[in-house]
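So the sequence lines, in the order shown, correspond to chains G and S.
Counting the first sequence from 1 gives a position; our numbering is that position plus 47.
Counting the second sequence from 1 gives a position; our numbering is that position plus 10.
Just so you know, even glycine gets a beta-carbon here, dropped at the ideal spot from N, CA and C.
Here the structure is a predicted model, which means the values were calculated and not measured.
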Amino acid sequence: MAGVAAPASAARVGWRPDTASLACGAVLAVVVFGVVYPVLLVVIQSFQTALPGQPARYGLDGWRAALAEPALRSSLWNTLTVTFVRQLLSLPLAVAIAWLLARTDLPGRRWLEFAFWAAFFLPPLTVTLSWILLLDPEYGLVNTALAALPFVGKGPFDIYSFWGIVWVHVITGSLTVKVILLTPAFRNMNASFEEASRVAGAGTLRTAWRVTVPVMAPVIFSVLLLGTMVSLQTFEVEQVLGTPFRFFVFSTTIYDLLVTRVPRYDAATALAVLILLAMLPLIVAQQWATRGRRYTTVTGQFQNRVITLGAWRWPALAAMLAVVAVVLGVPIVFALVGTMMKLFGFFNVPEPWTLDNWKTVLGDDLFASALRNTVVLAVGTALAAVLLHSLIAYIAVRTRYAGRRLLDFISWLPFTVPGVILGLALLWLFLGTPLLRPLYGTTALLVIAGLISGMPLGVQIIKSGLMQLGGELEEASRIAGASWWTTYRRIVLRLMAPTLLAVGMITFVGAARNIANVALLSTTANRPLAILQLDYIAQKKLEEASVIACIIMFISLAGALAAHVLGVRGKVG
Amino acid sequence: MAVDRASLEVRRGEVFTLLGPSGCGKTTTLRLVAGLERPDGGEIILRGRVVASVPRRVWVPPNRRNLGMVFQSYAIWPHMTVFDNVAYPLSLRGLGRAAIAERVARVLDLVGLAGMEARAATLLSGGQMQRLALCRALVYEPDLLLLDEPFSNLDAKLREQMRLELRLLQRRLGVTVLFVTHDQIEALSLSDRIAVMQRGRVEQVGPPRSLYEAPASAFVRDFLGSTVVLRGRVSAVDGSGVRVALNGALDGRALTGRSVAAAALSPGADVHLAIRPEDVEVDGAAGDALAGVIETLLFVGDRYEARVALGGAQRIILLLPRTREWKEGQAIALGFPPAAVSVWPA
């Protein structure tokens, strides 16, 4: 009754009814327009040397300036050294922490892991302001405390320095993001690798060094690449800490070139193209590193026993608590402290405490509209991201659509363009496309910016969730008689719900604190909290800025808690 | 190219098995039938309906083929209860609530899962998950049931039990089954007919017993059960069989066997002699005999497994009955009944 007659050969086939093919094409078209086109605009603009408002003229002046001017070259050097030192310091520490959290019987390790999650969600600018309170060379609490000691003339620390910038980076992005990505990967490693090494006679540390870390090398490598990409992008920390001592990195140089009286788009975009070129090999390497990985669902077939730390339990816990205090405790406490100071950072004035800052900000009309804008922006971006990013991820992972690899690659591109430049490119895109011009000045524009800048992370998280899902669950539904759409609705979306909610939360938080992408796009009409904060800082109103920072921080922490409760931890890499 | 020039026909009501080593194309063939893969050539016809045909440009997606399938991982949906898993295909077919409940209850009862309707599917044991997967595939009475290595995730005892249950259930429902496995015991015990596959091609199709006793190729012979192989050269061919002078360590000895079908052997041809270990008669009188010495002896419960040296150098593995005492170093005479010895061109 069933006959298979002479098939010449067979190739794997996914779901490809023709409507699905059209849908895939539509998604690709949207992504090309929203991501590739702005990137192209950046490249073209780097050869456009005419001043704004004058007829276009093409030449290499911008490139010459970018490559020849000592200031620009020093920013290239600064970017590379900051990136390198950040990774060098944070990676070994992150590996050690992930190992302790995932592979040992460290007390309270679940809580500690959540602490790193929460710290990951802290806005970098808020953390920076908190550490200024402690490490300001003149008035920082740590410095004044140390200066009070005998034989110490002046406080030894200066946050407005290369090492100050590196310090803030390591404890904000660099360390926490690696910990939350590495810990689940370490946890899913088969314990028998370690057990075999222990039985062969190796001790705990030797096993960790000779077996666990090498086995995890591909994951560690991929997290390192991701971390490098993120750190080539940073903006806020250098903007606040580096500008006072004329220390510029790529992104702040670009910003500087753009916000002067005569913006130098050609040199700024030429610099951006340089970053883009530096990033492309990293993307390829990242895709190569994760290509051969097997994403097996944790089935409970092996129980992952953990290593007994013995006498080292409590020292390890103490060290871990110290790290958590630095990455989470200090920023939160001093973000609050800062809001209640008469003069931000000055602890030695008479009666330094006040609640006036809160009253001023909360009473400010600008605040009410900025808060409203932020809520609309964050919720809108989260909803749009869940829809678009899940579609991209699904096409890339599950279909045989011809353009799926291209789509996957494009989803990484927003990572390669500095946020400020991406904002600028979107500005050109919207002002240059008649149909979209009315969007300028609306929150929708900022939603689109957040959607694009959040794309790499959102798509990657959903992709790895889908890969862990296992194709047979969908195939079973198809065999049972369900169409592609019914399967997507009743099987895929239900099973992916926690991941999608988490991506929504992450995007929500990202949009709430996004500065780099929207700095050039926002007007007084659509200005969100994050930009209001930047404006306060620019006006040297650090007290008001700290109140906004504190509010954004609590929004972020609420997001972290929600994402955690929804039960999905970082699964990228 | 995973499958090439494989032409198969499954008869209504039979259990048809695709058997072969991993990578032989059996799973691809199954997935082609299911509609989970798309062929580059050829066609697939289901109950007279063309469901995939490259020359005729026909392609029926899996959801419109009315097939049932049990996956290797079972693919039980973790966000649904036992009841919901089984009810899903019925609700897709537009059945009413009462009809669904009645049919789900009936099929669950059939496999001994009655009363577990409300349980979360993730709380089931491996054997229960497999029964549930079977229920989900059978509840809508598919035209063909596809089984993709369904027993490979079960332990040995449970595997035997499920094998028996599946055979009984299939007999009772009369459902046609296309079964994929790499396990020869599963294939031999469950199938009405077996297709042995290798490197994307079908080597031989037939009932289990004829495949075992009259394999058409050395691959089928060695894949289905174990074989003792000796080398030699044909010395004479007559009505009683082929007389073969053995080579190597057994130089000077000769055995008689029957030539495999279609192999025209003439004196002087190099040949292989093959016999199933259980057909070798230990200390028996029948036919030609060779002298051997037991080198190692393993007691495996119901019998002994012995490595026996023939003529000092050639070693073969034999099964010895538990009813006698054996010891290492013991000399034994091995009888090779001509009817059980097959002669293959080398």
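- For residue 503 of chain G, the uninterrupted alpha helix (DSSP H) segment begins and ends at 502–516.
- In this structure, residue 93 of chain G lies near residue 109 of chain G, with their beta-carbon atoms less than 8 Å apart.
- Interface with chain S (8 Å Cβ-Cβ cutoff): residue 437 of chain G is excluded.
- Secondary-structure assignment with DSSP links residue 158 of chain S through a beta bridge to S:190.
- Taken in chain order, the unbroken stretches of alpha helix (DSSP H) that lie wholly in the region 198–229 of chain S and span 4 residues or more are 218–223.
- Considering only beta carbons, the part of the region 41–56 of chain S lying closer than 9 Å to chain G consists of 41, 42, 43, 44, 45, 46, 47, 48, 49, 50, 51, 52, 53, 54, 55, 56, in chain order.
- Its Cα nearest to that of residue 23 of chain S, the residue S:177 stands out among S:142, S:177, S:119, S:163.
- The beta carbon of residue 528 of chain G falls within 8 Å of a beta carbon belonging to chain S, placing the residue at that interface.
- With contacts defined by Cβ atoms closer than 8 Å, residue 469 of chain G and residue 499 of chain G form a contacting pair.
- At least 8 Å separates the CB of residue 161 of chain S from every CB of chain G.
- Residue 266 of chain S places its beta carbon less than 8 Å from that of residue 348 of chain S.
- Between residue 71 of chain S and residue 52 of chain S, the gap from beta carbon to beta carbon reaches 8 Å or more.
- In terms of CA proximity to residue 560 of chain G, G:599 leads the group G:599, G:445, G:453.
- In chain order, 304 place their CB closer than 6 Å to the CB of residue 340 of chain S, counting only its own chain and leaving out the 5 sequence neighbours on each side.
- For the set G:167, G:244, G:249, the Cα lying nearest the Cα of residue 216 of chain G is the one of G:167.
- For residue 522 of chain G, the chain S residues whose Cβ falls inside 9 Å of its Cβ are 41, 44, 46, 72, 79, 81, 85, in order along the chain.
- At least 8 Å separates the CB of residue 218 of chain G from every CB of chain S.
- The beta carbon of residue 191 of chain G sits closer than 6 Å to no other beta carbon from its chain once the five residues preceding and following it are set aside.
- Excluding residues up to 5 positions away in sequence, 103, 104 lie with their Cβ nearer than 8 Å to the Cβ of residue 97 of chain G in the same chain.
- About 5 Å separates the beta carbon of residue 132 of chain G from that of residue 213 of chain G, a gap short enough to meet the 8 Å contact definition.
- Residue state for residue 208 of chain G is assigned as coil, using DSSP reduced to three classes.
- Membership of residue 40 of chain S in the alpha helix (DSSP H) is indicated by the continuous run 36–44.
- Distance from the Cα of residue 253 of chain S is smallest, within the candidate group S:74, S:32, S:346, for S:346.
- With its beta carbon at least 8 Å from every one in chain G, residue 129 of chain S lies outside the interface.
- The beta-carbon of residue 218 of chain S is placed no less than 8 Å from the nearest beta-carbon of chain G.
- Distance from the CA atom of residue 188 of chain G to the CA atom of residue 432 of chain G, rounded to whole angstroms, is 42 Å.
- A contact between stretches requires three or more CB pairs, one per stretch, nearer than 8 Å, and the region 186–205 of chain S meets this requirement with the region 157–170 of chain S.
- With the criterion set as a beta carbon lying under 9 Å from some beta carbon of chain S, the members of the region 421–450 of chain G are 447, in sequence order.
- Under the Cβ criterion of 8 Å, residue 65 of chain S is not counted among the residues facing chain G.
- Unbroken alpha helix (DSSP H) stretches of 4 residues or longer found wholly inside the region 369–431 of chain G: 377–386, 403–410, given in chain order.
- Counting only unbroken stretches of 4 or more residues, the alpha helix (DSSP H) elements lying wholly within the region 24–104 of chain S are 36–44, 92–102, in sequence order.
- Every unbroken stretch of the alpha helix (DSSP H) spanning 4 or more residues and falling wholly within the region 226–282 of chain G is given here in chain order: 238–246, 251–254, 264–278.
- When secondary structure is reduced to three states using DSSP, residue 344 of chain S falls in the strand class.
- Under a criterion of Cβ atoms nearer than 8 Å, no residue of chain S is adjacent to residue 512 of chain G; the nearest Cβ is some 14 Å distant.
- Scanning its chain for C-beta atoms nearer than 7 Å, with the 5 sequence neighbours on each side dropped, one finds around residue 148 of chain G the residues 156, 159, 160, 230, in chain order.
- Under the DSSP assignment, residue 336 of chain S falls outside any beta strand (DSSP E); it carries neither an H nor an E label.
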